[in-house]
Amino acid sequence: ISLREGERRLELQYGEMELKVDEQNRVIREMEASLQRAAMDTERKLLNQQKEYEKQVQFLMQQASEGSKETTEETIGQLEQKCQLLEKDLYYYKKTSRDLKKKMRELV
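See below:
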């Protein structure tokens, strides 16, 4: 009789463990999907940032070539600061994209 009770308890524990494993697997799948969405969003933001950076550089180059006589050192300094800020933003998004891709590879 005690063996049957022990077997019954073990079966209940086994069932509970299976439920926990299933729940953990579901959570893992959700986290992987969330990480994948975040990586895709970051990639999209990075591409948009790169396009914006390229537009700004083209604009600044055009403005510098057209108005080189009219621009002052102050304006050139401002343009250089804008370029530096855009380069920093670009670096940030590239690094974030690399980090998210690395995390995704580690999880998969």
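Taking our numbering, the leading residue of the sequence shown gets 100, the next gets one more, and so forth.
From the three backbone atoms N, C-alpha and C, an ideal C-beta is built for every residue, glycine too.
Could you name the residues of the same chain whose beta carbon sits closer than 6 Å to that of residue i, not counting the 5 residues immediately before and after it, in chain order?
i	result
Glu142	Ser196
Gln178	It is Leu, not Gln, that sits at residue 178 in the sequence shown. So the qualifying residues of the chain are Leu159.
Gly209	The requested residue 209 does not occur in the structure, where the chain is confined to residues 100 to 207.
Glu131	Leu206
Could you give the DSSP three-state label for residue i: helix, strand or coil?
i	result
Ile100	coil
Val207	coil
Taking buried to mean at least 16 other C-beta atoms within 10 Å of its own C-beta, is residue i buried or exposed?
i	result
Tyr190	exposed
Leu118	exposed
Leu145	buried
Leu185	buried
Using a Cβ-Cβ distance cut-off of 8 Å, determine whether residue i contacts chain C.
i	result
Ala163	Note that chain C does not occur in the displayed structure, where there is just one protein chain.
Which same chain residues, not among the five before or five after residue i, have their C-beta less than 7 Å away from its C-beta?
i	result
Gln148	Asp188, Leu189, Tyr192
>> Three or more C-beta pairs under 8 Å: does that hold for the segment 104-113 against the segment 152-160?
In response: Contact fails between the segment 104-113 and the segment 152-160, because fewer than three Cβ pairs, one in each stretch, are under 8 Å apart.
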